[in-house]
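Engineer: Here you go, one structure.
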Amino acid sequence: MSENLLQNINNPTDLRKLSPEQLPVVAKELREFIIDIVSRKEGHLGASLGVIELTIALHYVFNTPEDLLVWDVGHQAYGHKILTERKDVFHTNRQLQGISGFPKRDESKYDTFGVGHSSTSISAALGMALASNLKGETEKQHIAVIGDASIASGMAFEGLNHAGVTDANLLVILNDNAIGIDPSVGALKDYLTSVKEGKNPKDNNMIKSLNFDYSGPIDGHDFEALLKELNRLKHKKGPKFLHIITTKGKGMQLAEEDQVKYHAPGKFDKETGEILPKSEENLPPKFQDVFGHTLVELAQQNEKIIGITPAMPTGSSMKFMMEAFPQRAIDVGIAEQHAVTLAAGMATQGMVVFCNIYSTFMQRAYDQLIHDVALQNLPVIFCLDRAGLVGEDGATHHGAYDLAYLNCIPNMTLCAPKDESELRNIMYTAQLGLEHPIAIRYPRGRGILLDWQQPFEKIAIGKAKLLRKGSKTAVLSTGFIGNNAAAALNEIENPELFSHYHFPFVKPLDTDTLKTICENHEHIVTVEEGTVIGGFGSLVSNFCTENNHTVSVKIIGIPDVFIEQGTVSEQQQICGIDVNSLKTIFSSR
969 MSENLLQNIN NPTDLRKLSP EQLPVVAKEL REFIIDIVSR KEGHLGASLG VIELTIALHY
1029 VFNTPEDLLV WDVGHQAYGH KILTERKDVF HTNRQLQGIS GFPKRDESKY DTFGVGHSST
1089 SISAALGMAL ASNLKGETEK QHIAVIGDAS IASGMAFEGL NHAGVTDANL LVILNDNAIG
1149 IDPSVGALKD YLTSVKEGKN PKDNNMIKSL NFDYSGPIDG HDFEALLKEL NRLKHKKGPK
1209 FLHIITTKGK GMQLAEEDQV KYHAPGKFDK ETGEILPKSE ENLPPKFQDV FGHTLVELAQ
1269 QNEKIIGITP AMPTGSSMKF MMEAFPQRAI DVGIAEQHAV TLAAGMATQG MVVFCNIYST
1329 FMQRAYDQLI HDVALQNLPV IFCLDRAGLV GEDGATHHGA YDLAYLNCIP NMTLCAPKDE
1389 SELRNIMYTA QLGLEHPIAI RYPRGRGILL DWQQPFEKIA IGKAKLLRKG SKTAVLSTGF
1449 IGNNAAAALN EIENPELFSH YHFPFVKPLD TDTLKTICEN HEHIVTVEEG TVIGGFGSLV
1509 SNFCTENNHT VSVKIIGIPD VFIEQGTVSE QQQICGIDVN SLKTIFSSR
């Protein structure tokens, strides 16, 4: 019979009333609580299961929220949320108007820093620690929990480099489980492995050489070891580094055995761990798989093709290329800046480089995109997965800004296919040889075509397509959201009044077609799954203004606010780009 301690724990103060001997019971109950909710509601699983003991120990030893705890990325913070006054609402995790799947400052005083992208924790916690010093709060603790995949990123090293020459009261905890979403890669992983296996000489410690008080590695599932070391470090001043070894998915056999699949497994049987099958018969493919399989097809024909991804081989489906051509597909780890400049370097030597990065992560390499690729006019092919609204991951992960931040860069070609065939054909066209870099954006999730694997066709760069001819209002869409516009127009009254043009290319913009549209219509409505500020609609509006066209322009897209977590369908409704909303908007023209 379980002691059921968790039901009486609402915050860390309650936790600290327990004896150390009771903490393993809390760990067991906390794992069961997370498994129960995630099995039914979905979410990230393995990361949180791996840090249950660490989470409990941190809140037990340190005086949170006065002591400041920063989680890197935040996939692993479910236990933290449950222990910090959100147990009763945890079932709303990642849902519309529920709690966020990541730590978020305006959600709880225990969430000291908003996260979602990797490698920010050390810099943030160091900033807090230096501020505490300036305020005379020299006893306050500042803890950053970072994984072995995240610490390999450049920003983490920048933070470590700075922290090592300060007297900041900073504790960096390396949660070393040898995996991020996919297995960790690189020389740093090899170094950490040698440390864990006792093969690294004690005097060859790179963390010590950065002026940190290094301790470990210790078993991150051993409460006795954790409590002893955290209590010791609590009383030491200056930058400290604790190396702990954990198992992602700990406490659930299948999650330990298949850590990639159980990172975010969908719904599963909480007793057995078996993932509940979703019927995928007669469903269109995921865009990421269209990319992955198409890249392999093209690579078979073109030996100059190289694939690069920053730590997302499974999420981007670059794994197919890695399996087929392991020498020509590279996972660089969580290093978007490096990925882009690496691609640029390879392009200077005549390689045809497909650099696959989620739209939201491309933001992390913006300078490299401009300085290393576009300025030198190197024909790198960027494939931006998860463009547009992404659903339950919410505001940190939407690909809402790429149309705006890319169209202002000289030399860039910017393409947004509306279906799987167009994605295949622009990939085919790009690898034939382009004079400029190109970014191809496509959404998370499934397309619309069952019979998508057709022979390749070359696409004319910069040309729009007339999908429907009408007399009064022209609907101009770009990308996959154009299918919503088409569906809305199919249901509208007076369909003869509406034209529909698909603009696969936002840059170069088809100004000849745009001129014809302006001369033959009274109204234009633009539809895009990107921010309305500076995106496709803005370009159309600017063209009309600069050329003195009297046609009215209404811009529909993601409004100038951060869209929170929910389903993609719910988020489209919030933005007014779902079929019913578009039907209402079109009818009012």
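For what it's worth, my numbering labels the leading residue of the sequence shown as 969, then goes sequentially.
Built from N, CA and C at the ideal position, the CB exists for glycine as well.
Just so we're clear, the structure is a prediction, and the values are computed from it rather than from any experiment.
Apply the 10 Å Cβ neighbour rule to Q1256 and answer buried if 16 or more other Cβ atoms are within range, or exposed otherwise.
Structural biologist: Q1256 should be labelled buried.
Engineer: From T1282 to N972, what distance separates their C-alpha atoms?
Structural biologist: About 38 Å.
Engineer: Just the C-alpha distance for M969 and E997, rounded to the nearest angstrom, thanks.
Structural biologist: Here the model assigns M969 a pLDDT of 39, short of 50, so the residue's position is not dependable and the matter cannot be decided.
Engineer: Going by Cα to Cα distance, which pick from L1550, K1205 and T1481 is closest to I1449?
Structural biologist: If we check each option's Cα against that of I1449, L1550 comes out closest.
Engineer: Here's a check: name, in chain order, each residue in its chain whose Cβ is nearer than 7 Å to the Cβ of S1439, leaving out the five neighbours to either side.
Structural biologist: Once the five neighbours on either side are set aside, the close Cβ partners of S1439 are E1464 and L1465.
Engineer: DSSP three-state call for A1045: helix, strand or coil?
Structural biologist: Note: A1045 maps to coil in three-state DSSP.
Engineer: Please classify F1416 as buried or exposed, where buried requires at least 16 neighbouring CB atoms within 10 angstroms.
Structural biologist: One detail in the question is off: residue 1416 reads as Ile in this sequence, not Phe. By the neighbour-count rule (16 or more Cβ atoms within 10 Å), I1416 is not buried but exposed.
Engineer: Just checking: is the beta-carbon of L1391 within a distance shorter than 7 Å of some beta-carbon in chain B?
Structural biologist: Protein chain content of the structure displayed is limited to a single chain, and chain B is not contained in it.
Engineer: From the DSSP output, in three-state form, read off L973 for me.
Structural biologist: The answer is coil: DSSP assigns L973 none of H, G, I, E or B.
Engineer: Since D1181 contacts K1204 with CB under 8 Å, what's their CB separation in whole angstroms?
Structural biologist: Indeed they touch by this definition, with Cβ atoms about 6 Å apart.
Engineer: Would you kindly report the start and end of the unbroken beta strand (DSSP E) that includes S1182?
Structural biologist: Going by the sequence as given, residue 1182 is Tyr instead of Ser. Element bounds for Y1182: D1181 to D1187.
Engineer: Could you tell me the distance, in whole angstroms, from the CA atom of T1240 to the CA atom of L1251?
Structural biologist: Taking the straight line from one Cα to the other gives about 28 Å.
Engineer: If you run the structure through DSSP and keep just helix, strand and coil, what is D1056?
Structural biologist: Coil.
Engineer: Round the Cβ separation of I1050 and F1001 to the nearest angstrom and send it over; I've been treating them as touching at under 8 Å.
Structural biologist: Right, the Cβ-Cβ distance comes to about 6 Å (below 8 Å), so this counts as a contact.
Engineer: With burial defined as no fewer than 16 other Cβ atoms inside 10 Å of the residue's Cβ, what is the status of G1313: buried or exposed?
Structural biologist: So G1313 ends up on the exposed side.
Engineer: Can you find the residues in the same chain that come closer than 7 Å, C-beta to C-beta, to T1309, ignoring five residues on each side of it along the sequence?
Structural biologist: Answer for T1309: Q1336 and D1340, listed in chain order.
Engineer: Would you mind listing the alpha helix (DSSP H) stretches within the stretch 1262-1318 that are 4+ residues and don't spill past its ends, in chain order?
Structural biologist: Runs found: 1281-1284, 1287-1292 and 1304-1316.
Engineer: Identify the continuous alpha helix (DSSP H) that holds K1157 and give its terminal residues.
Structural biologist: K1157 -> alpha helix (DSSP H) spans A1155 to K1164.
Engineer: Indicate whether the contact test is met: 3 or more Cβ pairs, each with one atom in the stretch 1002-1010 and one in the stretch 1025-1036, closer than 8 Å.
Structural biologist: Output reads no: the stretch 1025-1036 does not touch the stretch 1002-1010.
Engineer: Which one of G1318, R1392 and D1150 has the shortest CA to CA distance from V1264?
Structural biologist: Out of G1318, R1392 and D1150, R1392 has the C-alpha closest to the C-alpha of V1264.
Engineer: Count the other C-beta atoms from every protein chain shown that fall within 10 angstroms of the C-beta of Q1065, then say buried if there are 16 or more, exposed otherwise.
Structural biologist: Q1065 comes out exposed.
Engineer: Using only the alpha-carbon positions, how far apart do T1316 and I1349 sit?
Structural biologist: Near 13 Å, if we compare the C-alpha coordinates of I1349 and T1316.
Engineer: So who's on the other strand from I1531, going by DSSP bridges?
Structural biologist: Answer is none; I1531 lacks a bridge partner.
Engineer: For T1446, which residues of its own chain have a beta-carbon under 6 Å away from its beta-carbon, when the five flanking residues on both sides are left out?
Structural biologist: Excluding sequence neighbours, T1446 sits near A1384, F1471, V1474, E1496 and F1504.
Engineer: Quick check on Q1269: buried or exposed, where buried means 16 or more other Cβ atoms within 10 Å of its Cβ?
Structural biologist: Exposed, since its Cβ has fewer than 16 Cβ neighbours within 10 Å.
Engineer: According to DSSP, is C1486 helix, strand or coil?
Structural biologist: Helix, per DSSP.
Engineer: List the whole-angstrom C-beta distance separating E1224 from T1215, where the pair is believed to meet the contact cut-off of C-beta under 8 Å.
Structural biologist: Right, their Cβ atoms sit about 6 Å apart.
Engineer: Output yes or no for whether 7 Å exceeds the beta carbon distance between Q1533 and G1362.
Structural biologist: Contact: yes.
Engineer: How would you call N1375, buried or exposed, if buried means at least 16 neighbouring beta carbons within 10 angstroms?
Structural biologist: Buried is the call here.
Engineer: First and last residue of the beta strand (DSSP E) that includes G1498?
Structural biologist: Per DSSP, G1498 belongs to the beta strand (DSSP E) from H1491 to T1499.
Engineer: Going by the CB atoms, is the gap between A1342 and M1380 shorter than 7 Å?
Structural biologist: Cβ atoms of M1380 and A1342: closer than 7 Å.
Engineer: Residue range of the beta strand (DSSP E) that Y1396 falls in?
Structural biologist: Here Y1396 belongs to no beta strand (DSSP E); instead the alpha helix (DSSP H) covers E1388 to L1400.
Engineer: Between the alpha carbons of T1106 and Y1078, how many angstroms are there, rounded?
Structural biologist: Spanning the two alpha carbons is a distance of roughly 20 Å.
Engineer: Do you know offhand how far F1209's Cα is from G1219's?
Structural biologist: Their Cα atoms are separated by approximately 26 Å.
Engineer: Please state if the CB of A1311 and the CB of V1321 are separated by a distance shorter than 7 Å.
Structural biologist: For V1321 and A1311, yes; Cβs fall inside 7 Å.
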